[in-house]
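Asks: Take a look at this one; I'll ask things after.
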Amino acid sequence: MLSRVANNLCWLGRYLERAENTARLINVNSNLLLDLPKSIVLGWEPLVDIVSDRTAFYTAYDVADEQSVLSFLLFGPNDPSSIVSSLEFARENARTIREIIPREVWEQINELYIYGHENYSKALIRRSRYEFLTEVIESVQKITGILAGTMTHDEGYHFLKIGRNLERADMTTRIIDVRSASLLQETETEQSAFENLQWMSVLKSLTAYQMYRREMRLRIRRPDVLKFLLLEERFPRSLLHTLQEVDKCVQTLPHFDATKSEIEQVEKLLMSANPQSLIQDKLHQFIDDVQLGINQVFVKLEETYF
Amino acid sequence: MPINWNKYDTGPFHDELVKSPGKPRAYAKGLCEFIQNLSDVELQEYKAGADSAIKVMGITFRVYNDEEGSIDRAWPFDIVPRLIELKEWQQIEKGLKQRVKALNLFINDLYNEQNIIKDGIFPKELLTHSKNFLPQCKGVTPPMGIWAHICGSDLVRDQHGTVYVLEDNLRVPSGVSYMLENRQVMKRVFPEMFRQYDILPVDNYPSDLYDMLAALSPREIPEPEIVVLTPGIYNSAYFEHAYLAQQMGAELVVGDDLVVEDDNCVYMRTINGLSRVDVIYRRIDDDFIDPEVFNPESTLGVPGLMRAWKAGNVALANAPGSGVADDKVVYSYVPQIIEYYLKEEPLLSNVPTYRCVNPDEKEYVLANIEKMVVKPANESGGYGMLIGPHASTKEHDEFRQLIKDDPRNYVAQPMLLLSTAPTMVGNTVEGRHLDLRPFILSSQDVCVTMGGLTRVAMTKGSTVVNSSQGGGSKDTWIVDMEGN
Numbered sequence: 001m002l003s004r005v006a007n008n009l010c011w012l013g014r015y016l017e018r019a020e021n022t023a024r025l026i027n028v029n030s031n032l033l034l035d036l037p038k039s040i041v042l043g044w045e046p047l048v049d050i051v052s053d054r055t056a057f058y059t060a061y062d063v064a065d066e067q068s069v070l071s072f073l074l075f076g077p078n079d080p081s082s083i084v085s086s087l088e089f090a091r092e093n094a095r096t097i098r099e100i101i102p103r104e105v106w107e108q109i110n111e112l113y114i115y116g117h118e119n120y121s122k123a124l125i126r127r128s129r130y131e132f133l134t135e136v137i138e139s140v141q142k143i144t145g146i147l148a149g150t151m152t153h154d155e156g157y158h159f160l161k162i163g164r165n166l167e168r169a170d171m172t173t174r175i176i177d178v179r180s181a182s183l184l185q186e187t188e189t190e191q192s193a194f195e196n197l198q199w200m201s202v203l204k205s206l207t208a209y210q211m212y213r214r215e216m217r218l219r220i221r222r223p224d225v226l227k228f229l230l231l232e233e234r235f236p237r238s239l240l241h242t243l244q245e246v247d248k249c250v251q252t253l254p255h256f257d258a259t260k261s262e263i264e265q266v267e268k269l270l271m272s273a274n275p276q277s278l279i280q281d282k283l284h285q286f287i288d289d290v291q292l293g294i295n296q297v298f299v300k301l302e303e304t305y306f
Numbered sequence: 001m002p003i004n005w006n007k008y009d010t011g012p013f014h015d016e017l018v019k020s021p022g023k024p025r026a027y028a029k030g031l032c033e034f035i036q037n038l039s040d041v042e043l044q045e046y047k048a049g050a051d052s053a054i055k056v057m058g059i060t061f062r063v064y065n066d067e068e069g070s071i072d073r074a075w076p077f078d079i080v081p082r083l084i085e086l087k088e089w090q091q092i093e094k095g096l097k098q099r100v101k102a103l104n105l106f107i108n109d110l111y112n113e114q115n116i117i118k119d120g121i122f123p124k125e126l127l128t129h130s131k132n133f134l135p136q137c138k139g140v141t142p143p144m145g146i147w148a149h150i151c152g153s154d155l156v157r158d159q160h161g162t163v164y165v166l167e168d169n170l171r172v173p174s175g176v177s178y179m180l181e182n183r184q185v186m187k188r189v190f191p192e193m194f195r196q197y198d199i200l201p202v203d204n205y206p207s208d209l210y211d212m213l214a215a216l217s218p219r220e221i222p223e224p225e226i227v228v229l230t231p232g233i234y235n236s237a238y239f240e241h242a243y244l245a246q247q248m249g250a251e252l253v254v255g256d257d258l259v260v261e262d263d264n265c266v267y268m269r270t271i272n273g274l275s276r277v278d279v280i281y282r283r284i285d286d287d288f289i290d291p292e293v294f295n296p297e298s299t300l301g302v303p304g305l306m307r308a309w310k311a312g313n314v315a316l317a318n319a320p321g322s323g324v325a326d327d328k329v330v331y332s333y334v335p336q337i338i339e340y341y342l343k344e345e346p347l348l349s350n351v352p353t354y355r356c357v358n359p360d361e362k363e364y365v366l367a368n369i370e371k372m373v374v375k376p377a378n379e380s381g382g383y384g385m386l387i388g389p390h391a392s393t394k395e396h397d398e399f400r401q402l403i404k405d406d407p408r409n410y411v412a413q414p415m416l417l418l419s420t421a422p423t424m425v426g427n428t429v430e431g432r433h434l435d436l437r438p439f440i441l442s443s444q445d446v447c448v449t450m451g452g453l454t455r456v457a458m459t460k461g462s463t464v465v466n467s468s469q470g471g472g473s474k475d476t477w478i479v480d481m482e483g484n
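Protein sequence lines, in the order shown, are assigned to chains A and B.
Okay, so the first sequence: first residue is 1 according to full-length UniProt numbering, each after it adds one.
Okay, so the second sequence: first residue is 1 according to full-length UniProt numbering, each after it adds one.
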């Protein structure tokens, strides 16, 4: 497999995953805002923090209100993380490796790009927002499904999966990080009902709510949520699971030793965590370390294969 | 209002489907009846169906213009197919094979003994002034002596129904993927018609292409490494490069993916390290393939590629220098070339061609330029042409001057009345001029696509069919009417 192609496949996986994740995030936030009392100012700015960064946002907009943040996240002109940009990059990547991916997948990516491009303004309006975002999420799911069902599970497929899982891991850390910093007031009892709601939204952003409930059978508590999102290896969006997936894929490639040992480092770091004690600054520091580790994995991949 | 064939005006032209108003040709009867029974709404539905299929399948080509730069456009497609009867097609096929065989013998001769020049058939001056004759290729004989492995010849039909070869594209002819995709679109949109006719399939091309390329491999191994070398996604034919690589299961590479090592072998950079390449189907022009030998500014090619090719360590299709026979002056010699090498009568006609390099022919062209089509010897894509009857007096004068300045670079042909076929215009059909580009593959065997790419000038009266200049295309059906 050509190095350039491997690189493109990896990024194709990342961009598709990013579009899906951003769509989920907007969806969940829209819902959450409906449930919170006016006294709790949550707003939209945290979404900018999760997906991109404030500098990019504030060069284009003055205030972080719903319309501005949404246009930024949907088609942000300077923002490679916006849904439309992600879809555009995914399509460009797919185009340069058109001969590698199954034709149906190319057609779906192309169609999704056209759909996103022509319809993103729907999501600015609350009434049609859900429809647009769901279409994006479902289309990416469909693409993932067609890939799994029709593409030979060779090295190329594994590069796609590596990209997807690294992006997923990255997103999970960002959501935990931003949400814990902006949402948590640990002790205020009067707000506990809403805190509960906010941790629920964290789970929901990662489609983890239902599975958490099945697994933990407990009320929603920070340490349990963290434990689930960091360490539940059977849940496909937990950090440990995504890393194990990357690990498995990497082992099908030639010369995987260096990359594998980077992955193991992050895994060790995760296992060493004690969710009970991960609060505020400590949690932030911990997530930072994990993000650095994930980054190192990517750097090693680049060095070895691209 | 549904389509009424009685009102279809064929004018002075040969129409591919309709003999005279209200009288479809025998093989087109079923199709014409089918179309005539469609309501306006149904017609629009078929059209919309085709448009959306093209959009979703991502069938595009790139065009360049001053306002928008380079943009990706949906492939322009007409839903009314162009039909040719199998019996006639088989004759054309024979003629094409004969032609390409002779052209390959000619190219190999030019780069080696030059017997055709010694025997006084082909003038030496023409060669010395040919832009596409590459002295760097002298003395090389590629495997089986074949240079132009993939040839796209443009065929037209005049008002009497005679088929002519208009030109042979021996460098990097494109369009075959659109031929294949047009068929896919038609199958999605008009499945009914495929039950009614015996339409010969075109899908074999990618495997034929693969077999042809594999036969060129310098290493005798069961699965030689074949790659398609593309200039990249900004090339107008990128879609086709990716498409063919995908269909053949070959790697699609850009120049940077390849490297020539000290052993004069070509390798590609893979996740396993370097891996040897045997055959390169290159879609980059001669001038750009190797900055060591040709254009030193080229970043599209691979330094050292010519060394590897000359050492016989890699096969290039088409071979560098094949373009020497892709010259409109050489074109005029093809009938003699066929007779010289094959001792056969040409089966396909050449359009009578005046070579401005000969003084008396030049005088004729200068005097009759209003009636003629003037072409530069080495351009492709319809650029730099003069269509006398459609041009202004000023343009006539400009071309007279161009010819006087550089007579070797111009040929002229009488204006043929090109054939037409019914083409959707709004909700009805009108005749539009068209041509046909079949593709001929040569290595151990010679094979021809079943039909080819029909290109149609979408503007009334126009004969410019190039997609870069507003042309469209039709699916081409070779229909077997035996037993019907």
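Beta carbons are placed, not taken as given, at the ideal position from N, Cα and C, and that holds for glycine.
May I have the straight-line CA-CA distance separating M186/B from V18/B, to the nearest angstrom?
Replies: Within the second sequence, numbered from 1, the residue matching residue 186/B stands at position 186. Within the second sequence, numbered from 1, the residue matching residue 18/B stands at position 18. Their backbone Cα atoms lie some 21 Å apart in a straight line.
Asks: Please list, in chain order, the chain A residues whose beta carbon lies closer than 7 Å to that of T270/B.
Replies: In the second sequence, residue 270/B corresponds to position 270, counting from 1. Per Cβ cutoff of 7 Å: M1, L2, S3.
Asks: Rank I101/A, I97/A, T59/A by C-alpha distance to the C-alpha of S254/B and give the top, closest one.
Replies: Within the second sequence, numbered from 1, the residue matching residue 254/B stands at position 254. Inspection of the sequence shows that residue 254/B is occupied by Val rather than by Ser. Nearest C-alpha to V254/B: I97/A.
Asks: Along chain B, in chain order, which residues have C-beta atoms closer than 8 Å to that of W106/A?
Replies: If you number the first sequence from 1, residue 106/A lands on position 106. Per Cβ cutoff of 8 Å: G58.
Asks: Report the residue from F239/B, K124/B, P346/B whose alpha carbon sits nearest the alpha carbon of I54/B.
Replies: Within the second sequence, numbered from 1, the residue matching residue 54/B stands at position 54. With distances taken between Cα atoms, I54/B lies closest to F239/B.
Asks: Should residue 485/B go down as buried or exposed, given a rule of 16 or more other Cβ atoms within 10 Å for buried?
Replies: Here chain B comprises residues numbered 1 to 484, so residue 485/B is not present and cannot be evaluated.
Asks: Is it the case that the Cβ atoms of A237/B and R307/B are separated by a distance below 8 Å?
Replies: Position 237 of the second sequence, counting from 1, holds the residue named residue 237/B. Position 307 of the second sequence, counting from 1, holds the residue named residue 307/B. Against a cut-off of 8 Å, the Cβ pair of R307/B and A237/B comes out as no contact.
Asks: Sorted by chain position, which residues of the same chain lie with C-beta nearer than 8 Å to F221/A's C-beta, five sequence neighbours on each side aside?
Replies: Taking the first sequence and counting its residues from 1, one reaches residue 221/A at position 221. According to the sequence provided, residue 221/A is Arg. The question's Phe does not apply to it. If we look at R221/A and ignore the five residues flanking it on each side, its Cβ neighbours are W199.
Asks: I233/B versus chain A: which residues are under 9 Å apart at the beta carbon?
Replies: Position 233 of the second sequence, counted from the first residue, corresponds to residue 233/B. Simply E92, R95, T96.
Asks: Determine, for A60/A, whether the minimum Cβ-Cβ distance to residues of chain B falls below 8 Å.
Replies: Here the question's residue 60/A lines up with position 60 in the first sequence. Chain B, which has no Cβ nearer than 8 Å to the Cβ of A60/A, makes this no.
Asks: For residue 494/B, list the residues DSSP reports as bridge partners.
Replies: Nothing about residue 494/B can be reported from this structure: the residues present for chain B run from 1 to 484 only.
Asks: Look at the Cβ atom of V456/B, then the Cβ atom of G472/B, and state whether they are nearer than 8 Å.
Replies: Counting from one through the second sequence, the residue named residue 456/B turns up at place 456. Counting from one through the second sequence, the residue named residue 472/B turns up at place 472. Yes.
Asks: Taking 8 Å as the limit between beta carbons, can you name the residues of its chain near E190/A, skipping five residues before and five after?
Replies: Here residue 190/A is taken as the residue at index 190 of the first sequence, counted from 1. For E190/A, the predicted structure reports a pLDDT of 48, less than 50, and the residue's modelled location is therefore unreliable. The matter cannot be settled from this model.
Asks: Identify every residue that forms a DSSP beta bridge with P24/B.
Replies: Here the question's residue 24/B lines up with position 24 in the second sequence. Bridge partners of P24/B: V18/B.
Asks: Would E225/B count as contacting chain A if we go by Cβ distances under 8 Å?
Replies: The sequence position of residue 225/B within the second sequence is 225, counting from 1. Closer than 8 Å: no.
Asks: Please say whether T141/B and N112/B have beta carbons closer to each other than 8 Å?
Replies: Locating residue 112/B in the second sequence gives position 112, where the first residue counts as 1. Locating residue 141/B in the second sequence gives position 141, where the first residue counts as 1. Yes, Cβ-Cβ distance for N112/B and T141/B is below 8 Å.
Asks: Please work out which residues of its chain come closer than 6 Å, Cβ to Cβ, to K328/B, disregarding the five sequence neighbours upstream and downstream, and give them in chain order.
Replies: To locate residue 328/B, count along the second sequence from 1; it is residue 328. Excluding residues within five positions, the ones whose Cβ falls inside 6 Å are K375, A377, V411.
Asks: Please tell me whether L253/A has its Cβ less than 8 Å away from any Cβ of chain B.
Replies: Here residue 253/A refers to the residue found at position 253 of the first sequence. At least one chain B Cβ lies under 8 Å of L253/A.
Asks: Taking Cβ-Cβ distances shorter than 9 Å, what residues in chain C pair up with E251/B?
Replies: Looking at the structure shown, chain C is missing, and the protein chains on hand are A and B.
Asks: For the stretch 104 to 115 of chain A and the stretch 40 to 49 of chain B, state whether three or more C-beta atom pairs, one from each stretch, are separated by less than 8 Å.
Replies: The stretch 104 to 115 of chain A, when compared against the stretch 40 to 49 of chain B, does not touch it at the 8 Å Cβ threshold.
Asks: Could you tell me whether any Cβ in chain B is nearer than 8 Å to the Cβ of N119/A?
Replies: Here residue 119/A corresponds to residue number 119 of the first sequence, with the count starting at 1. Closer than 8 Å: no.
Asks: In chain A, which residues lie with their C-beta within 8 Å of the C-beta of D51/B?
Replies: By one-based count along the second sequence, residue 51/B stands at place 51. Under the 8 Å cutoff, chain A gives no residues; its nearest Cβ is about 13 Å from D51/B.
Asks: Along the chain, where does the beta strand (DSSP E) that runs through S275/B open and close?
Replies: In the second sequence, counting from the first residue as 1, residue 275/B sits at position 275. Note, S275/B: beta strand (DSSP E), 273 to 276.
Asks: Residues in its own chain within less than 7 Å of K310/B by CB, not counting five upstream and five downstream?
Replies: As a position in the second sequence, residue 310/B is number 310, starting the count at 1. Cβ within range, chain order: V140.
Asks: Using a Cβ-Cβ cut-off of 8 Å (strictly less than) and excluding sequence neighbours within five positions of R54/A, which residues of its own chain qualify?
Replies: Reading the first sequence from its first residue, position 54 is the one you call residue 54/A. Counting only Cβ-Cβ distances below 8 Å, and skipping sequence neighbours, we find E45, V48.
Asks: Can you list the residues of chain B that residue 310/A reaches, using a CB-CB cut of under 8 Å?
Replies: Residue 310/A is absent from the structure shown; chain A starts at 1 and stops at 306.
Asks: On the criterion of 16 or more Cβ atoms from any shown chain inside 10 Å, does M135/B qualify as buried, or is it exposed?
Replies: Within the second sequence, residue 135/B is the residue found at index 135, counting from 1. The residue asked about is misnamed: residue 135/B is Pro in this sequence, not Met. Exposed, by the Cβ-count rule.
Asks: Out of curiosity, what's the CA-to-CA distance linking L203/A and L278/A?
Replies: Here residue 203/A refers to the residue found at position 203 of the first sequence. Here residue 278/A refers to the residue found at position 278 of the first sequence. Cα to Cα, the separation comes out at about 17 Å.
Asks: Which residues in chain A have a C-beta closer than 9 Å to the C-beta of D257/B? List them in chain order.
Replies: Mapped onto the second sequence, residue 257/B falls at position 257. Those are L2, S3, R4, V5, listed as they occur along chain A.
Asks: Listing by chain order, which chain B residues have their CB less than 7 Å from the CB of Y305/A?
Replies: Within the first sequence, numbered from 1, the residue matching residue 305/A stands at position 305. By Cβ distance, chain B contributes I271.
Asks: Closer than 8 Å is the cut-off here; do at least three beta carbon pairs connect the stretch 298 to 306 of chain B with the stretch 144 to 157 of chain B?
Replies: Flag = no, the stretch 298 to 306 of chain B and the stretch 144 to 157 of chain B do not touch.
Asks: Beta carbon of V202/A: closer than 7 Å to some heavy atom of the ligand ADP?
Replies: Among the components of this structure there are no ligands whatsoever, and the ligand ADP is therefore not found.
Asks: Please report how far the alpha carbon of A74/B lies from the alpha carbon of G58/B, in whole angstroms.
Replies: Here residue 74/B refers to the residue found at position 74 of the second sequence. Here residue 58/B refers to the residue found at position 58 of the second sequence. Spanning the two alpha carbons is a distance of roughly 7 Å.
Asks: Report yes or no: is there a C-beta of chain A within less than 8 Å of the C-beta of A245/B?
Replies: In the second sequence, counting from the first residue as 1, residue 245/B sits at position 245. So, interface residue.
Asks: Do I226/B and V279/B count as a contact pair if the criterion is CB distance below 8 Å?
Replies: One-based indexing of the second sequence puts residue 279/B at position 279. One-based indexing of the second sequence puts residue 226/B at position 226. Contact: yes.
Asks: Please compile the residues from chain A whose C-beta is within a distance smaller than 9 Å of the C-beta of K55/B.
Replies: For this step, residue 55/B is matched to residue 55 along the second sequence. Result: N110, E111, I114.
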